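Those sequence lines, one after another, are chains A and B.
Take the first sequence: its position 51, counted from the start at 1, is 51 in my numbering, and no numbers get skipped.
Start counting at 1 in the second sequence, then tack on 1000, and there's your number in my numbering.
Using N, Cα and C, we set each Cβ at its ideal position, and we do this for glycine too.
Treat the numbers as computed from the prediction; the structure is a model and nothing was measured.
Protein chains: 2
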Amino acid sequence: MNFTEKLAGAVEKNRSLLCVGLDTDPALIPANLSIFEFNRAIIDATADLVCAYKPNIAFYESLGSSGLDALKRTREYIPPEIPVIIDAKRGDIGNTARAYARGLFEYFNFDAVTASPYLGYDSQEPFIEYADRGIFVLCRTSNAGAVDFQSLFCEVEDGTKPLYEVVAAKVNGWNTRGNLGLVVGATYPEELQQIRREYPEMPLLIPGVGAQGGELSQVVRYGVDAKRQRTIINSSRQILYASKGKDYAAAARRAAQELRDSINQFLTAI
Amino acid sequence: MNFTEKLAGAVEKNRSLLCVGLDTDPALIPANLSIFEFNRAIIDATADLVCAYKPNIAFYESLGSSGLDALKRTREYIPPEIPVIIDAKRGDIGNTARAYARGLFEYFNFDAVTASPYLGYDSQEPFIEYADRGIFVLCRTSNAGAVDFQSLFCEVEDGTKPLYEVVAAKVNGWNTRGNLGLVVGATYPEELQQIRREYPEMPLLIPGVGAQGGELSQVVRYGVDAKRQRTIINSSRQILYASKGKDYAAAARRAAQELRDSINQFLTAI
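See below:
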C-alpha cells in the first residue's frame, strides 16, 4: 500500500481531512507530563478524527537524544492505519539526502516527509526512490516571509511565473512514481486556488489554519481535490493547546472534532 | 567573542582555511569503532590543521537518539577555540525555527548553522537573533540540481538576476548584526567569483572540493576574502575516508595537511 492509498483509507474511515500537528513544546504542556505522555493522550483523544498526524521534528530535535526517543515512541504509538508525516523540510545534496531518507523512512518509519526544493531534483531523489512513501515539497509556505523568494517572477520557457509556481510545475514533472505532493499554506488562498486548479489530483498539505490565521471555508473551497482524499488540512497549536489545564486531552478532542466537522460542512456546501 | 572573531582566531592559529566535514557514515568507518570514537580520532589528528569543523546533522539524525548523543559528544570534544558549524540547512516558520535555533545553539552549543532561504526572512530571524553565532544561508549549492531553481532569472527592481544572486543580496541586506554568511559551492567557480566580488567581506562556506570535483586553485583564487579570514573551504569524504584501514587517522591527517598547505600555496600565488 502506498502513501496516497493509506491516506485515502484514513480519510474514509474517519471521514476527515484534518491532520493534527504534533508540535509538542515542553513549555506549553502540563508540567507533570513527558512529551511522549502528552502525545499519547492527544493521539488517544483524536485518532478517530484525523486523516494523518504531522510531528514537526524541530520540537523533538531541540531536546537532543531524549527528544528523538520521544518522537520514535510517538510514531510507534500512532495506530498503523493513520499515516504519519514528518515535517522536516529537509533538502541537501545526494549522499546527505540519502542519510536523511534512511533516518526518516527506515529508522523512524514515517509514511511521508516534507522537503525543501532549493537544491533541486537530486536533493529530492533519495526520498522519491521510496515509492511507498510520500514527499510533500514546499511550494507556497504559510509564513509572512514566504513572499521574499517564493513570489519572485522567474523567466521560464513560456513567459514568467512566480517561483512557487515553477516549483509546483517541476515537482509535477518529477512525479513519475505518484508519491509527490505540495505544501501550500492556508494563509495564501488565491495561490492555493490556483495550484489546486492546475493540479487537481496532487496531494496538498495545507498548514496555517487556526493560530496562523488561515480561513477554513476558503481553504476547503479552494484547496479540495477532485477525489476529496488528497487534501490534508493541518492544525497544531489550536488543538494541542486548546486547554492548558488537566482537561487538555478532552479539549483537544473537542477542538479536533469541531475542525473536522467544519471541514465536512464546508465540503457539503461546494 | 562572536563567530567571525572566533573563526579568525582559528584561521590565524592554524594558518588554515580548511574545514573538515564530519559526515561520519557508520558504513564507511572501521567496524570496531563507534561514531564518536572515529570522530575523536579524526579531531585528534586534525585539530591543529583546520579553521573549523562541520558535522552534517543528517548522518547523526539517521541513527536516531544514539546518533544525536554521538553528535553532542563530538561537539563537546572539539577544542573550544575551533568553531563548529552544524550543517543542517534548516528553514521553517518562526516558532519552529526558534525550536531549531534553541536546539542547535543552546542544547548542542554550535557556533554556526547552515540555513535554507526558501521561507524568507522570518525563517532566518530566530537564528540571526543569536548575535554571537554565525548563519550560513544556502546561496549556490555544489550539487548538479542547483541549477533547477537557483539559476532561474528573477525579476527584481533593477532588471533580472538569477535566484542565487537575489538570495545573496537579501542576505546581505539582512546582515545588520554581522553574523550572516553564504554557502557557495566549489563546483560553480564563476558564480563563486561573482559572489565574492560583490561581497568581499562576507563569510563564505565553500563545500564541494575533493569528492564533489571542485578545483581547489580556482576556489582559492575566486573565493578568498579581502582579510583571508572569512573563507571556509570544506572537505569531508576526501579526509575522513582517506584510508579505510587501521591507519585512517594518520591518513586523514596527511590528507588534511596536504589540502591546507595547497590552499596556502595558492594564496601566496594571488
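Local Cβ density within 10 Å of residue i, reported as buried at 16 or more and exposed below that
i               : result
residue 1096(B) : buried
residue 1024(B) : buried
residue 1247(B) : exposed
residue 89(A)   : buried
residue 1111(B) : buried
residue 1031(B) : exposed
residue 14(A)   : buried
residue 93(A)   : buried
residue 212(A)  : buried
residue 1263(B) : buried
residue 1148(B) : buried
residue 244(A)  : exposed
residue 249(A)  : buried
residue 1270(B) : exposed
residue 1226(B) : exposed
Closest Cα partner of residue i within the set the options
i               : options                               : result
residue 1258(B) : 1057(B), 1215(B) and 1018(B)          : 1018(B)
residue 1144(B) : 118(A), 149(A), 136(A) and 160(A)     : 118(A)
residue 75(A)   : 21(A), 242(A) and 194(A)              : 21(A)
residue 114(A)  : 26(A), 69(A) and 203(A)               : 203(A)
residue 1205(B) : 1038(B), 1194(B) and 1224(B)          : 1224(B)
residue 171(A)  : 215(A), 195(A), 263(A) and 185(A)     : 195(A)
residue 168(A)  : 41(A), 217(A), 198(A) and 149(A)      : 198(A)
residue 1046(B) : 1077(B), 1211(B), 1001(B) and 1003(B) : 1077(B)
residue 1070(B) : 1239(B), 1080(B), 1057(B) and 1156(B) : 1057(B)
residue 1181(B) : 1033(B), 1104(B), 1011(B) and 1124(B) : 1124(B)
residue 1177(B) : 1104(B), 1131(B), 1008(B) and 1001(B) : 1131(B)
residue 109(A)  : 1064(B), 1109(B) and 1009(B)          : 1064(B)
residue 6(A)    : 80(A), 121(A) and 189(A)              : 80(A)
Sequence-distant residues of the same chain with beta carbon closer than 8 Å to residue i, five excluded per side
i               : result
residue 67(A)   : 35, 59, 60 and 61
residue 151(A)  : 162, 163 and 164
residue 160(A)  : 153 and 154
residue 1026(B) : 1035 and 1063
Inter-residue CB distance, residue i and residue j (contact presumed, cutoff 8 Å)
i               : j               : result
residue 166(A)  : residue 154(A)  : 5 Å
residue 949(B)  : residue 1232(B) : The structure shown does not extend to residue 949(B), since chain B is modelled only from 1001 through 1270, so no value can be given for it.
residue 1192(B) : residue 1219(B) : 7 Å
residue 252(A)  : residue 42(A)   : 5 Å
residue 230(A)  : residue 4(A)    : 6 Å
residue 179(A)  : residue 133(A)  : 6 Å
residue 1028(B) : residue 1241(B) : 5 Å
residue 120(A)  : residue 1008(B) : Not quite, the Cβ-Cβ distance comes to about 33 Å (not below 8 Å), so this is no contact.
residue 1116(B) : residue 116(A)  : 5 Å
Spatial neighbours of residue i in its chain, beta-carbon cut-off 7 Å, leaving aside the 5 residues before and after
i               : result
residue 292(A)  : This structure leaves residue 292(A) out entirely; chain A is present only between 1 and 270.
residue 1238(B) : 1210, 1211 and 1255
residue 271(A)  : This structure cannot settle anything about residue 271(A), because the visible part of chain A is limited to 1 through 270.
Cβ neighbours of residue i in the same chain (closer than 6 Å, five flanking residues each side left out)
i              : result
residue 126(A) : 97, 98 and 101
residue 54(A)  : 19, 21, 85, 87 and 234
residue 214(A) : 186, 187 and 208
residue 217(A) : 266
>> Going residue by residue through the region 1177-1256 of chain B, where are the continuous beta strand (DSSP E) segments of at least 3 residues, counting only ones entirely within it?
In response: 1180-1184, 1204-1206 and 1231-1235
> Taking only runs of the beta strand (DSSP E) that begin and end inside the region 40-90 of chain A, which ones reach a length of at least 3 residues, in chain order?
Replying inline: 85-90
>> Extract the residue ranges of the alpha helix (DSSP H) inside the region 122-155 of chain A, only unbroken runs of 4 or more that lie entirely within it.
In response: 146-150
>> Could you tell me which whole beta strand (DSSP E) segments of length 3 or greater appear in the region 6-34 of chain A?
In response: 18-20
> Can you list, in chain order, the residues of the region 135-168 of chain A whose Cβ is nearer than 8 Å to any Cβ on chain D?
Replying inline: Within the model displayed, chain D is absent; protein chains A and B are what it includes.
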